[in-house]
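Protein chains in written order, with my numbering: chain A, 1460 to 1602; chain B, 1460 to 1602. Ideal Cβ positions, reconstructed from N, Cα and C, are used throughout, including at glycine. These numbers were taken from a predicted model, which means no experiment stands behind them. Take a look at the structure set out below.
2 protein chains.
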Amino acid sequence: MDSELCLTRLKENGYRLTDARKAVVEIVAATTHALTPVEVYDRARMSCPGMGLVTVYRTLEKLEELGLIQRVHQMHGCQAFITSGNGHEHLLLCTNCGSTVRFSGDQLDRLIGSISRHSGFIIKEHWLQLFGMCKKCQGSVKK
Amino acid sequence: MDSELCLTRLKENGYRLTDARKAVVEIVAATTHALTPVEVYDRARMSCPGMGLVTVYRTLEKLEELGLIQRVHQMHGCQAFITSGNGHEHLLLCTNCGSTVRFSGDQLDRLIGSISRHSGFIIKEHWLQLFGMCKKCQGSVKK
DNA sequence: TTACTTGCAAACGTTTTGCACGATT
DNA sequence: AATCGTGCAAAACGTTTGCAAGTAA
């Protein structure tokens, strides 16, 4: 998601636009792979030297609340964030370098309908995530 | 997964069968919703009073390594475990009470093939998880 | 000016590690 | 008997909270 839009949304929701928040928003918006709070912190200090890790946590929390970023679940944890896509999208992650691709069109309606009937659940949300190896990493295999 | 089978697998892999491990295996195998290490610990002490939380962590680690249990990813974290299913299965979770249903037959081959072609990724794994409200909770809505 | 935001320090909960003792094979 | 497993205590880690000072509106 565009960083301008993120800042607008923050403002719309009554949050002030500070240098710290601008820095965090810009970093997440400009990065195509998921970043942990500490990674955001390290990058943010380049443009915003005195910034504290606490502020990163608090800003990420607000951005997640507003749906501007989303938590990325990976094999070994789910503490990393990535900018949100538009509408209903899913993620494809490279397990080697962490690069991501978004995709939509999962067409799970029939499956979900069938599972809902069999289980009696009302299904409200679904997660679909793919893992693999991107083109670049296929050439230079580390693992 | 059956607790007998879990114990057999542990033994096959060179791990000793202690009371602590038996207790952890039995608890996880007998529970249909995801349990955190502390929850396992609290239940394990009923049959195994002196047991330490550390042992629970170490046992869960081994069970996960061997694929006998799996980590469950939920909205607010992924520190809970559930016994593994047989073959390729996915989870449906009740966001109200935590009960789970397994399902297979996701038929994502066509989708995955298409995304693989478009992205250039070699796709190795996929996660599909559904969230909703189970039959019981639909009646007694807490939220 | 006023309310929101910040950084610091400390608290907190979870997970990991070192070690001597105890148990399984 | 030898090795592996255990519990305890302490450390390490990530995250959250209280607070006084600073800043955006």
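Residue 1512 of chain B sits in a helix when the DSSP states are folded into three classes.
Contact annotation, residue 1578 of chain A with residue 1551 of chain B: C-beta distance approximately 6 Å; criterion of less than 8 Å satisfied. Burial state of residue 1486 of chain A is buried, judged by a 10 Å Cβ sphere holding 16 or more other Cβ atoms. As summarised for the stretch 1462-1489 of chain B, the continuous alpha helix (DSSP H) elements at least 4 residues long and confined to that stretch are 1462-1471, 1478-1489, given in chain order. Under the 8 Å Cβ criterion, the stretch 1483-1502 of chain A counts as touching the stretch 1522-1535 of chain A, having at least three qualifying pairs. Note on geometry: alpha-carbon atoms of residue 1507 of chain A and residue 1538 of chain A lie some 23 Å from one another. If you compare the alpha carbons of A:1584, A:1583, A:1593 with that of residue 1574 of chain B, the shortest gap goes to A:1593.
For residue 1498 of chain A, no beta strand (DSSP E) run applies; the uninterrupted alpha helix (DSSP H) run containing it begins and ends at 1496-1506, by DSSP.
Neighbours of residue 1540 of chain B across chain A, judged by C-beta separation under 7 Å, do not exist; the nearest C-beta is about 14 Å away. Checking the DSSP bridge columns, you'll see residue 1589 of chain B partnered with A:1585, B:1551. Just so you know, the alpha carbons of residue 1570 of chain A and residue 1585 of chain A end up roughly 11 Å apart. Chain-ordered, the chain A residues with CB closer than 7 Å to the CB of residue 1578 of chain B read 1551, 1560. The residue among B:1555, B:1480, B:1547 with its C-alpha nearest the C-alpha of residue 1596 of chain B is B:1555.
Against chain B, the beta carbon of residue 1585 of chain A has neighbours under 8 Å at 1587, 1588, 1589, 1590, listed in chain order. DSSP lists B:1541 as the bridge partner or partners of residue 1529 of chain B.
Straight across, the Cα-Cα distance linking residue 1494 of chain B with residue 1499 of chain A is about 31 Å. Among the bridge pairs identified by DSSP, residue 1579 of chain A is matched with none. Per DSSP, the beta-bridge partners of residue 1561 of chain A are A:1550.
Its Cα nearest to that of residue 1589 of chain A, the residue B:1580 stands out among B:1589, B:1591, B:1580.
Close partners of residue 1565 of chain B in chain A (Cβ separation under 7 Å): 1570. Counting only Cβ-Cβ distances below 7 Å, residue 1556 of chain A has no contacts in chain B at all, with the closest Cβ about 11 Å away.
Residue-level contact check: residue 1521 of chain A does not touch chain B, since none of the beta carbons of chain B fall below 7 Å from its beta carbon. Against chain B, the CB of residue 1537 of chain A has a partner CB under 7 Å away; the residue lies at that interface. The contact set of residue 1597 of chain B on chain A, defined by CB atoms closer than 9 Å, consists of 1579, 1580, 1581 in chain order. Contact check for residue 1557 of chain A and residue 1583 of chain B: beta-carbon distance about 15 Å, past the 8 Å limit, so the pair fails to qualify. Proximity of residue 1492 of chain B to chain A, defined by a Cβ-Cβ separation below 7 Å, is not satisfied.
Not flagged as an interface residue toward chain B: residue 1528 of chain A, since no C-beta distance is shorter than 7 Å.
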